[in-house]
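> Encoded as structure tokens, here's the structure I'll be asking about.
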Amino acid sequence: MKTSAGRFVGQSVLRREDPRLLTGRGRYVDDVMVPGMLHCNFVRSDVARGRITRLDVSAARALDGVVAVLTAADLNAHAGSMQPTMLLKIAGAPLRPLAEDDVRFVGDPIALVVAESRYVAEDAADLVEVDIEPDAPVLDVERALDDGAPRVHPELASNLAAEMAFPIAPELDALLRSEGAAHVVTRRFVQHRQTNVPMETRGIVVEYEPAGGVLRAHLSTQNPHEAKLAISRVTGVPAHLVRVSAPDVGGGFGQKFFTQRDELVVALAARRLGRTLKWIEDRRENLIASNHARADLGDCTFALDHDGRLLGTYIDHVEDAGAYPVGATGGAGQLVAMLFTGPYKAPMAACRTRSVWTNTCGRGAYRGPWMFETVAREQMVDEVARAIGIDPLEWRRRNVVPTDQLPYTLPTGLTLEYASPAETLEQAAQMIAYDDFRREQQRALTDNGRLLGIGIGLYVEPSTGMMDPMGTETAVVRVHPGGSVTVALGTGSHGQGIETTMAQVVAEELGIDIDDVAVVQGDTNATAFGRGTGGSGTAVIAGNSCRLACAEVRAKAIDIAAHLMEAAPGDLELGDGSISVKGTPNRKVAFAEVARIAHLDTARLPEGMGIGLEATATFKAPPFSWSNACHACTVEVDRGTGVVHILRYVVSEDCGVMINPMIVEGQIAGGVAQGIGGTLYEHVVYDDDGNPLTGTFMDYLLPTASEVPDIEYGHVETPSATPGGHKGMGEGGAIGSPPAVFNAVADALALVGARVDHTPLSPDTILTALTESNMRG
Amino acid sequence: MPIVEITVNGERRHASVEARKTLTDFLREDCALTGTHLGCEHGVCGACTVLLDGDAVRSCLLFAIQAHGAEVTTVEGIGGTNGALSPVQEAFRTDHGLQCGFCTPGFVVSVTALLRENPAPTDLEIEEALSGNLCRCTGYQGIVRAVQRAAGR
Numbered sequence: 001m002k003t004s005a006g007r008f009v010g011q012s013v014l015r016r017e018d019p020r021l022l023t024g025r026g027r028y029v030d031d032v033m034v035p036g037m038l039h040c041n042f043v044r045s046d047v048a049r050g051r052i053t054r055l056d057v058s059a060a061r062a063l064d065g066v067v068a069v070l071t072a073a074d075l076n077a078h079a080g081s082m083q084p085t086m087l088l089k090i091a092g093a094p095l096r097p098l099a100e101d102d103v104r105f106v107g108d109p110i111a112l113v114v115a116e117s118r119y120v121a122e123d124a125a126d127l128v129e130v131d132i133e134p135d136a137p138v139l140d141v142e143r144a145l146d147d148g149a150p151r152v153h154p155e156l157a158s159n160l161a162a163e164m165a166f167p168i169a170p171e172l173d174a175l176l177r178s179e180g181a182a183h184v185v186t187r188r189f190v191q192h193r194q195t196n197v198p199m200e201t202r203g204i205v206v207e208y209e210p211a212g213g214v215l216r217a218h219l220s221t222q223n224p225h226e227a228k229l230a231i232s233r234v235t236g237v238p239a240h241l242v243r244v245s246a247p248d249v250g251g252g253f254g255q256k257f258f259t260q261r262d263e264l265v266v267a268l269a270a271r272r273l274g275r276t277l278k279w280i281e282d283r284r285e286n287l288i289a290s291n292h293a294r295a296d297l298g299d300c301t302f303a304l305d306h307d308g309r310l311l312g313t314y315i316d317h318v319e320d321a322g323a324y325p326v327g328a329t330g331g332a333g334q335l336v337a338m339l340f341t342g343p344y345k346a347p348m349a350a351c352r353t354r355s356v357w358t359n360t361c362g363r364g365a366y367r368g369p370w371m372f373e374t375v376a377r378e379q380m381v382d383e384v385a386r387a388i389g390i391d392p393l394e395w396r397r398r399n400v401v402p403t404d405q406l407p408y409t410l411p412t413g414l415t416l417e418y419a420s421p422a423e424t425l426e427q428a429a430q431m432i433a434y435d436d437f438r439r440e441q442q443r444a445l446t447d448n449g450r451l452l453g454i455g456i457g458l459y460v461e462p463s464t465g466m467m468d469p470m471g472t473e474t475a476v477v478r479v480h481p482g483g484s485v486t487v488a489l490g491t492g493s494h495g496q497g498i499e500t501t502m503a504q505v506v507a508e509e510l511g512i513d514i515d516d517v518a519v520v521q522g523d524t525n526a527t528a529f530g531r532g533t534g535g536s537g538t539a540v541i542a543g544n545s546c547r548l549a550c551a552e553v554r555a556k557a558i559d560i561a562a563h564l565m566e567a568a569p570g571d572l573e574l575g576d577g578s579i580s581v582k583g584t585p586n587r588k589v590a591f592a593e594v595a596r597i598a599h600l601d602t603a604r605l606p607e608g609m610g611i612g613l614e615a616t617a618t619f620k621a622p623p624f625s626w627s628n629a630c631h632a633c634t635v636e637v638d639r640g641t642g643v644v645h646i647l648r649y650v651v652s653e654d655c656g657v658m659i660n661p662m663i664v665e666g667q668i669a670g671g672v673a674q675g676i677g678g679t680l681y682e683h684v685v686y687d688d689d690g691n692p693l694t695g696t697f698m699d700y701l702l703p704t705a706s707e708v709p710d711i712e713y714g715h716v717e718t719p720s721a722t723p724g725g726h727k728g729m730g731e732g733g734a735i736g737s738p739p740a741v742f743n744a745v746a747d748a749l750a751l752v753g754a755r756v757d758h759t760p761l762s763p764d765t766i767l768t769a770l771t772e773s774n775m776r777g
Numbered sequence: 001m002p003i004v005e006i007t008v009n010g011e012r013r014h015a016s017v018e019a020r021k022t023l024t025d026f027l028r029e030d031c032a033l034t035g036t037h038l039g040c041e042h043g044v045c046g047a048c049t050v051l052l053d054g055d056a057v058r059s060c061l062l063f064a065i066q067a068h069g070a071e072v073t074t075v076e077g078i079g080g081t082n083g084a085l086s087p088v089q090e091a092f093r094t095d096h097g098l099q100c101g102f103c104t105p106g107f108v109v110s111v112t113a114l115l116r117e118n119p120a121p122t123d124l125e126i127e128e129a130l131s132g133n134l135c136r137c138t139g140y141q142g143i144v145r146a147v148q149r150a151a152g153r
């Protein structure tokens with residue numbers, strides 16, 4: 001393994017965020033308390049689909065301590081578009097601030113209570129009288145597309161939210177019909193509904209100052225600049241008079257990337273009332289009414305030659321968009337379709353993807369929103385390998401794109417490059433001692449009838465910046481007269497340690513001490529417009545914007561030093577806090593002295609040079625920066641209880657040059673835990689009437705320390721072509737882990753002829769599979 | 001409204017509070033100690049964990065009035081003055097036991113209580129002790145290591 005560690009980049013520098021967070025001095029949105037602040041609580045629909053026949057808020061308004069009870073009649077006519085800025089041109093759900101005339105999912109907000117305390121706001125919410133005439137809800141994505149199915153949105157022609165297809169070429173059609181293919185395997189996989197569950201729920205504090213027309217929002221967000229634009233649009237306050245501050249943000253995993261409807265309603269209410277409002281989502285709301293995710297099904301077909309080599313693939317994918325997805329259709333079906341063949345050589349592929357409205361909580365981004373391509377493909381690989389009688393690792397070895405064949409153009413036209421899927425496959429197989437485990441598995445079955453299994457999840461992660469402004473970030477690097485540096489970024493750190501990692505980059509590039517660099521982010525008044533934090537983008541996009549700005553600062557500092565020392569700029573180098581003559585390190589001037597002269601002793605600057613020492617630079621990332629990883633795990637399935645125990649878990653990954661290996665491994669671990677939880681325990685459940693049944697942590701089961709095994713890491717480093725050589729990796733842990741766990745369980749069950757095709761792999765799902773295989777004998 | 005008197009992090013605090021006010025809200029609003037967080041308000045996530053007369057409890061499930069006369073330690077009272085970290089806090093930092101930090105105060109308090117009762121826990125005891133606190137960022141990897149480190153392993 002090659003490493004490219006610098007003084008700071010590549011080092012596991014401890015996080016500067018930690019001391020304040022460990023001592024209770026972090027500041028999250030609920031910690032923001034403003035004089036005169038009022039508290040909000042939503043009244044939500046408890047019916048999935050129906051007509052509002054009566055709404056009486058008079059008793060609520062009359063309660064002592066209640067300031068206002070706002071309904072659609074008070075707010076809706078005053079709201080601008082609630083769609084995210086980058087999706088304004090995409091026809092999405094007919095989103096409105098509060099439900100008007102009808103409700104479309106359980107949790108649909110009907111009224112907003114504003115009161116002197118949260119306790120009173122909740123009392124008043126109980127006094128709001130709502131009568132809803134229920135109609136049959138649309139809950140099943142396939143039946144939703146039937147002719148004559150009731151429509152989730154009566155304004156729209158059907159329940160089809162979006163559709164895209166790569167048509168089946170005649171040659172592929174023949175293969176899929178077994179003409180010219182030795183094997184054709186078709187399977188359906190169903191991924192169940194889950195949700196992000198940041199430990200801090202959503203929340204907003206909005207100060208509106210009517211005299212000056214200025215709005216300030218403190219918001220738990222991954223993306224302060226998008227929030228500013230959205231709040232401006234919805235409230236009508238001009239963007240230059242809107243300031244959004246993201247304080248410490250307690251996780252998001254995609255949920256807080258776009259500003260959601262509820263926060264926008266509170267901002268609009270603050271603007272209308274001219275008061276400061278706080279709304280903190282409670283956990284039940286977060287579980288039923290923020291956003292859901294996953295909820296996919298895919299019908300997959302592989303056509304293969306005699307040796308199991310892929311000849312062609314097809315996937316027909318359907319995603320459940322819910323009623324009001326976050327961001328137009330809320331889905332990522334296009335990426336599912338385009339990435340289905342992933343790291344494997346496939347001469348031909350076709351696909352169809354559809355997104356469907358239902359009367360459920362809207363779909364939203366969740367760590368790798370398109371990850372069903374990996375789930376469906378990797379689970380399919382194991383099914384195919386079993387069907388044609390070769391080991392799944394061997395199948396992958398035969399089909400993975402070898403590094404010497406990169407760049408490789410996927411059948412959907414994307415070009416895979418600067419990646420190493422074959423190396424990570426081999427590294428993971430070696431780390432988990434694949435062949436030894438196969439022998440142990442047989443022994444355990446033969447000797448004790450125990451069911452052990454091994455599973456692999458191999459993927460490439462696009463970390464795409466295709467759509468403006470997702471690929472762009474601007475850094476402002478400002479050197480103070482004393483030589484210390486502030487870098488301002490449009491990011492919205494919510495656990496990634498950006499204050500640390502970006503300081504590492506800047507300190508490295510300027511050759512100064514990391515303690516002399518401060519990172520400012522999460523405040524639209526202090527930073528240039530930026531993309532926020534999400535989509536695995538910070539290292540590549542913000543990191544390289546820092547590099548570009550530092551290069552400008554460095555060039556100017558060297559010019560100043562050259563002038564002072566009467567040397568040629570090309571003979572100078574920067575490092576250890578000074579600028580020195582190459583080969584003559586004693587001839588030097590301190591970086592701090594250069595900074596002082598640039599600001600305070602300007603007569604000594606070269607003639608015509610501008611005063612000060614700072615630079616603003618914008619980096620635009622290439623459309624794709626491919627990272628890749630291979631997850632492998634071993635499990636034991638308890639035949640008596642159906643419980644799955646994970647025995648070992650390894651990840652071999654390649655995210656190019658790591659800025660901070662400790663943080664990279666932390667990101668992987670978090671994603672893996674979410675994938676384990678999602679595959680085995682977490683499940684958003686609705687009943688037949690569209691009532692959510694999982695509104696508490698007693699029902700929606702997150703993994704605890706007892707369920708997540710020790711994770712072992714291997715690193716391969718293939719630098720990207722961007723200046724720092726980084727590649728995005730924040731989502732990958734949650735992409736590779738679900739199929740690795742699923743495949744390990746399926747592998748164990750296959751020992752006794754049992755089969756699973758849907759998640760979660762709860763004990764009853766597994767016991768049912770075992771019982772069915774017993775009955776088949 | 002009843003008057004409650006609680007010693008919080010060594011300081012005597014008293015306030016007149018509604019009988020239904022939770023201990024968490026008392027700490028956050030009346031004492032301005034916002035390190036104690038609300039993650040679920042139904043006693044599962046553990047983010048609101050504080051020490052009540054030395055025992056780790058969920059402050060979201062207690063009314064402030066139930067702590068009348070008691071001694072409460074919040075995360076703000078775990079470390080030294082002037083920002084010095086306790087051994088548990090230091091271990092969490094060293095082992096990357098936190099990312100977003102929202103659940104962290106509850107973990108710090110729970111682990112502090114664990115190690116006071118059982119200074120040398122086994123791995124199973126650590127897992128069991130931690131299973132009352134939820135973290136969504138770390139996959140518990142750094143948290144488990146931090147407890148082992150703080151226990152001198």
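Read top to bottom, the protein sequences are chains C and R.
Under this note's numbering, the first residue of the first sequence is numbered 1, with each subsequent residue one higher.
Under this note's numbering, the first residue of the second sequence is numbered 1, with each subsequent residue one higher.
Positions of the beta carbon are idealized from the N, C-alpha and C atoms, including for glycine.
1) Alpha carbon to alpha carbon, how far is residue 367 of chain C from residue 147 of chain R?
2) Output, in sequence order along the chain, the residues in the stretch 50 to 80 of chain R whose CB is closer than 7 Å to any CB in chain C.
3) So, is the C-beta of residue 200 of chain C closer than 8 Å to a C-beta in chain R?
4) Between which two residues does the beta strand (DSSP E) carrying residue 310 of chain C extend?
5) Quick check on the DSSP output: the beta strand (DSSP E) that includes residue 106 of chain C runs from which residue to which?
6) Note down, one range per segment and in chain order, each beta strand (DSSP E) of at least 3 residues found wholly within the stretch 28 to 107 of chain R.
7) My assumption, with CB atoms under 8 Å, is that residue 258 of chain C sits in contact with residue 84 of chain C. Please give the rounded CB distance.
8) So which residues on chain C does residue 2 of chain R lean against when the C-beta distance must stay under 8 Å?
9) Which residues in chain R sit within 8 Å of residue 17 of chain C, going by Cβ to Cβ distance?
10) Below 8 Å between beta carbons: does that hold for residue 323 of chain C and residue 162 of chain C?
11) Provide the residue(s) that pair with residue 357 of chain C in DSSP beta bridges, ordered along the chain.
12) So, does the CB of residue 125 of chain C fall closer than 8 Å to a CB anywhere in chain R?
13) Out of C:81, C:607, C:74, C:88, which one is the CA nearest neighbour of residue 111 of chain C?
14) Quick check on residue 447 of chain C - is its C-beta less than 8 Å from some C-beta in chain R?
15) Mind listing which residues of the stretch 668 to 681 of chain C have their C-beta closer than 7 Å to chain R's C-betas, in chain order?
16) Taking just the CA atoms, how far does residue 4 of chain R sit from residue 15 of chain R?
17) With DSSP run on the structure shown, which of helix, strand or coil describes residue 220 of chain C?
18) Considering only the alpha carbon of each residue, which of R:33, R:126, R:134, R:98 lies closest to residue 151 of chain R?
19) Could you check where the alpha helix (DSSP H) with residue 700 of chain C kicks off and where it finishes?
20) Taking the continuous alpha helix (DSSP H) assigned at residue 378 of chain C, which residues delimit it?
21) Which residues in chain R have a C-beta closer than 8 Å to the C-beta of residue 711 of chain C? List them in chain order.
22) Determine the burial state of residue 2 of chain C: buried for a count of at least 16 other Cβ atoms within 10 Å of its Cβ, exposed for fewer.
23) Quick check: the Cα distance between residue 441 of chain C and residue 648 of chain C, rounded to an integer number of angstroms?
24) So, is the C-beta of residue 698 of chain C closer than 8 Å to a C-beta in chain R?
25) Decide if the stretch 340 to 349 of chain C is in contact with the stretch 428 to 447 of chain C; the criterion is three or more beta carbon pairs, one per stretch, under 8 Å apart.
26) Could you tell me whether the Cβ atoms of residue 298 of chain C and residue 743 of chain C are closer together than 8 Å?
27) Taking DSSP's pairing of strands, which residues face residue 628 of chain C in a bridge?
28) Is DSSP giving residue 417 of chain C helix, strand or coil here?
29) What does residue 705 of chain C touch in chain R if you count any residue whose Cβ is under 7 Å from its own?
30) Listing by chain order, which chain C residues have their CB less than 9 Å from the CB of residue 89 of chain R?
31) What residues from chain C crowd round residue 151 of chain R, counting only those whose CB sits closer than 7 Å?
32) Between residue 318 of chain C and residue 640 of chain C, what straight-line distance do the alpha-carbon atoms span, to the nearest angstrom?
33) Would you mind listing the alpha helix (DSSP H) stretches within the stretch 90 to 156 of chain C that are 4+ residues and don't spill past its ends, in chain order?
According to the structure shown:
1) Whole-angstrom Cα-Cα distance: 28 Å.
2) Residues of the stretch 50 to 80 of chain R with a C-beta atom less than 7 Å from some C-beta of chain C are 74, 75, 76, 79, listed in chain order.
3) So, interface residue.
4) Element bounds for residue 310 of chain C: 310 to 322.
5) Looking at the DSSP string, residue 106 of chain C is not in any beta strand (DSSP E), and its letter there is neither H nor E.
6) Whole beta strand (DSSP E) segments, 3+ residues: 49 to 52, 55 to 58, 71 to 73.
7) Yes, residue 258 of chain C and residue 84 of chain C are in contact; Cβ-Cβ is about 4 Å, under 8 Å.
8) Simply none; closest approach about 15 Å.
9) Correct list: 101.
10) No, the pair does not count as a contact, with Cβ atoms beyond the cut-off.
11) BP columns for residue 357 of chain C point to C:322.
12) By this cut-off, residue 125 of chain C is not an interface position.
13) The shortest Cα separation from residue 111 of chain C among C:81, C:607, C:74, C:88 belongs to C:74.
14) At a cut-off of 8 Å between beta-carbon atoms, residue 447 of chain C makes no contact with chain R.
15) So the close ones are 669, 670, 672, 673.
16) Going by the C-alpha atoms only, they are around 6 Å apart.
17) In the structure shown, residue 220 of chain C sits in coil (DSSP, three-state: anything other than H, G, I, E or B).
18) The shortest C-alpha separation from residue 151 of chain R is found at R:126.
19) Per DSSP, residue 700 of chain C belongs to no alpha helix (DSSP H) and is neither H nor E.
20) For residue 378 of chain C, the enclosing alpha helix (DSSP H) has its first and last residue at 372 to 388.
21) The contact set of residue 711 of chain C on chain R, defined by CB atoms closer than 8 Å, consists of 139, 141 in chain order.
22) For residue 2 of chain C, the predicted structure reports a pLDDT of 43, less than 50, and the residue's modelled location is therefore unreliable. The matter cannot be settled from this model.
23) Rounded to the nearest angstrom, the two C-alpha atoms are 13 Å apart.
24) Taking 8 Å as the CB threshold, residue 698 of chain C lines the interface with chain R.
25) They do not touch, by the three-pair rule.
26) Result no, Cβ atoms of residue 298 of chain C and residue 743 of chain C do not sit closer than 8 Å.
27) Partner(s): C:460, C:654.
28) Residue 417 of chain C: coil per DSSP, three-state reduction.
29) Those within 7 Å of residue 705 of chain C in chain R are 127, 130, 131, 140, 143, 144.
30) Neighbours of residue 89 of chain R on chain C, chain order: 18, 19, 22, 23.
31) Among the residues of chain C, none has a CB under 7 Å from the CB of residue 151 of chain R; the nearest is roughly 15 Å distant.
32) Computed Cα separation, rounded: 35 Å.
33) Taking 4 residues as the minimum length, the alpha helix (DSSP H) runs contained wholly in the stretch 90 to 156 of chain C are 118 to 127, 141 to 144, in order along the chain.
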